[in-house]
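**Q**
Chains as they are written, first to last, in the numbering used here: chain A, 1 to 250; chain B, 1 to 534.
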């Protein structure tokens, strides 16, 4: 066991400096297409039709992106009418117009209960990454708890299958107030490729109220972390309509 | 199937004709000689299946039920490791007939397939010991079968909630015996499923699982959609094995379209699959270390997993390699420098894994928790047709890359199958490590022998047809049955996933154990619920 102790003590720190500094490591995000201006409207139409989930809409010369439907298939990044691609991760947004009434005590200690309502295992894996060395959300005061009784935040993945609906509601009801809900991943936000259907509701928000949405398929760990920071008022939310700040070519 | 044109096993064709007599009719050999199909008389099914499985030593691949306008059809697919053509036995029912004799008594691997078909299609398997709520739970109205053509996939079902008080039938009737329910919402990061542990206090006598809380009906949603749309779902229903499932699906589609993809695409698919396997196994090994509270090794593997994820994104754009596999090849080519970069990263990770493995092998407190825990004897693994690392840990050879090689695995197979014999938790860990090392080798080998040329050929119109595509997913063999009707529309998709196959055998390991071993057994099996529930 001493060997393991020495091994642990001698390993260098890998944890990201985010949110104190930006993280520009490569491979931490699949990136996303952003609103793109084309020289003629036909190109914008081509980009829109290339999208298999209808996340891109063409308005004359420009093509806009609905990130909550984008599945990062990268079909729009290829060909002549290629959308601009941006490798960022600050994707979380508040779902209601009202500002969150987050109270001071939760800023440094927020307990999260995760409910998988029919997601794939990749998004669970990305949430797990948050507690692992590279992201280590504990340093920011975020903790996963196994019981809803101790939870302040309900983190939900998946399109809410009909078998999970009651379990989700009961978990939500079992949480003490004040409580918040984060919908993680596009299937939780819009159902995306799996809903609406006979088994799945179209979104978590049709079952319980959602405060923060983290789009992505699956959202990378830093996007989920950004969601938690947005919830506690420690980072600005992404404004869905604002044009991107920096642009990185595909 | 693959498009390889080696010669068929004529003996099998002759044997089928001579030995099965009038029990089967319309025996056909496919053009490539790799598939024998026959129509089986309904009442003779148990005999014929027994002949195929017991005398001819074939293995069960999948059962595909289809509701066709002429009546229901059930296709039983079998394959023989290392030689012989695949076999498809069809049962054709006329009109509204739904009754078929159950064969789960002689072929246990088919048990859950029959239960699934009963729930989703309303088939009646006479003689099956346990039909009833399986995919659909007790809230679902009897007689409504979602996979039937008249059922509307997009219309939400009646809003009736599940019964949280549901319990399996108790078999323990001693004073103090009780059933401990776990789930569907439990543990820190667990996927949704329910387990009932029947116990008398400390020792758990047996475990009854309940799945399909995450049933999204992917196979129903696929009906009538375009190949492109279905591929999105196939990649995303179980994201940690996206490349494998996309490969199996695309192989089926390519087989229907009668095209062979360029060799360079095959080789790059192999590299992507093995990269996925390495990253996937790191995830499992991290869970395994975590389940015993080994924080330092767990963190070590977590770092490797994240590095593999970053490597995937740097190499192909997506951390889980979505959007890479496409019918006709792959979506982008890779330059030599990109491959060199990948190999450097992978070799480094393999080296780190090797060091960690050596340390773990000498950590007695870790080994004590796995040795002799959750044993699956080889006979049981064989009887239930288990697949993947779980089966290999029991000494049951199931690697499709070796025994039914497809794509670039034909020229570049893994050097040896990672076989162990004990079938316990520690054997499964050894198999996982051995597969990581062999995947590193495979990537190196494939990159060194990378053919030149195009990486995809256009597949515009796929004509009508059916095919079974297979791939060795990180968790084991995956079989995707695809039927296409009309212009590029999927008429039927059936995904037989390794998690579905192996969860069926989980109860074998989870018998007469202590409570504290349950998380360890779950971790060492390393199965996905998303992949099983679809």
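For each residue, glycine too, the CB sits at the ideal point set by N, CA and C.
#1: Find the nearest neighbour of residue 333/B within the set 516/B, 262/B, 294/B, 46/B, judged by alpha-carbon distance.
#2: Quick one: list the residues of chain A neighbouring residue 164/B, beta-carbon separation under 7 Å, in chain order.
#3: If we ignore side chains and look at the alpha-carbon of each, how far apart do residue 4/A and residue 352/B end up?
#4: Indicate whether the contact test is met: 3 or more Cβ pairs, each with one atom in the stretch 281–301 of chain B and one in the stretch 454–466 of chain B, closer than 8 Å.
#5: Near residue 354/B, what residues of its chain come up, given a Cβ to Cβ distance below 8 Å and the 5 sequence neighbours on each side ignored?
#6: Under 9 Å Cβ-Cβ, which residues of chain A neighbour residue 314/B?
#7: Quickly, what does DSSP pair residue 492/B with across the bridge? List them, please.
#8: Tell me the rounded alpha-carbon separation between residue 72/A and residue 302/B.
#9: Counting only runs of 4+ residues fully inside the stretch 265–337 of chain B, write out the alpha helix (DSSP H) ranges in chain order.
#10: Do residue 205/A and residue 195/A have their CB atoms nearer than 8 Å?
#11: Skipping 5 residues on each side, what residues in its chain have a beta carbon closer than 8 Å to that of residue 15/A?
#12: Since residue 161/A meets chain B, which of its residues come closer than 8 Å, beta carbon to beta carbon?
#13: Just confirm the distance between the C-beta atoms of residue 118/A and residue 184/A, as a whole number of angstroms; I'd bet it's less than 8 Å.
#14: Going straight from the alpha carbon of residue 443/B to that of residue 275/B, what length do you get?
#15: Let me know if residue 550/B comes out buried or exposed under the rule of 16 or more other beta-carbons within 10 Å of its beta-carbon.
#16: Taking Cβ to Cβ, would you say residue 112/A is nearer than 8 Å to residue 143/A?
#17: Roughly how many whole angstroms lie between the Cα atoms of residue 344/B and residue 264/B?
#18: Enumerate, from N- to C-terminal direction, the unbroken beta strand (DSSP E) stretches of 3 or more residues contained entirely within the stretch 79–127 of chain B.
#19: Shortest alpha-carbon distance to residue 147/B belongs to which of 84/B, 23/B, 72/B?
#20: Run down chain A in chain order and give the residues with a C-beta less than 7 Å from the C-beta of residue 95/B.
#21: How about residue 95/B and residue 125/A: do their beta carbons lie closer than 8 Å?
#22: Would you kindly check if the distance between the Cβ of residue 270/B and the Cβ of residue 418/B is under 8 Å?
#23: So which residues on chain B does residue 181/A lean against when the C-beta distance must stay under 7 Å?
#24: Residue 44/A and residue 62/A - do their beta-carbons sit closer together than 8 Å?
#25: Report the three-state DSSP secondary structure of residue 431/B (helix, strand or coil).
#26: Using the C-alpha atoms, what's the distance from residue 523/B back to residue 188/B?
#27: Going straight from the alpha carbon of residue 190/A to that of residue 428/B, what length do you get?
#28: Pull up the CB-CB distance for residue 223/A and residue 233/A, whole angstroms please, since I reckon it's below 8 Å.
#29: Just by C-beta distance, which residues in the stretch 180–209 of chain B are closer than 9 Å to chain E?
#30: Under 8 Å by Cβ, that's how I've got residue 215/B and residue 40/A pegged, so tell me the actual separation to the nearest angstrom.
#31: Ignore the nearest five residues each way along the sequence and tell me which others in residue 486/B's own chain have a CB closer than 8 Å to its CB.
#32: Go through its chain and collect everything with a Cβ distance to residue 209/A's Cβ below 7 Å, but skip five positions before and after it.
#33: What are the residues in the stretch 233–244 of chain B lying within 9 Å of chain A by C-beta distance?
#34: Answer yes or no: does any C-beta atom of chain A fall closer than 8 Å to that of residue 283/B?
#35: Taking any Cβ of chain B, which residues in the stretch 61–79 of chain A have a Cβ under 9 Å from it, in chain order?
#36: Please identify the residue among 166/A, 77/A, 154/A, 116/A whose C-alpha is closest to the C-alpha of residue 529/B.
**A** Judging by the given coordinates:
#1: 262/B
#2: 166
#3: 15 Å
#4: no
#5: 437
#6: 26, 27
#7: 483/B
#8: 24 Å
#9: 295–316
#10: no
#11: 133, 134, 135, 136, 139
#12: 213, 214, 215, 216
#13: Wrong, their Cβ atoms sit about 13 Å apart, outside the cutoff.
#14: 8 Å
#15: Nothing about residue 550/B can be read from this structure; chain B reaches only from 1 to 534.
#16: yes
#17: 20 Å
#18: 86–92, 99–101, 124–126
#19: 72/B
#20: What residue 95/B touches in chain A: nothing, since even the nearest Cβ is about 26 Å away.
#21: no
#22: no
#23: The premise fails here: residue 181/A is roughly 14 Å from chain B at the closest Cβ pair, so nothing lies under 7 Å.
#24: yes
#25: helix
#26: 13 Å
#27: 39 Å
#28: Not a contact, Cβ separation roughly 18 Å.
#29: No chain E appears in this structure, whose protein chains are A and B.
#30: With 8 Å as the limit, residue 215/B and residue 40/A do not qualify as a contact, their Cβ atoms being about 46 Å apart.
#31: 464
#32: 181
#33: 233, 235, 236, 237, 238, 239, 240, 241, 242
#34: yes
#35: 71, 72, 73, 74, 75, 77, 78
#36: 116/A
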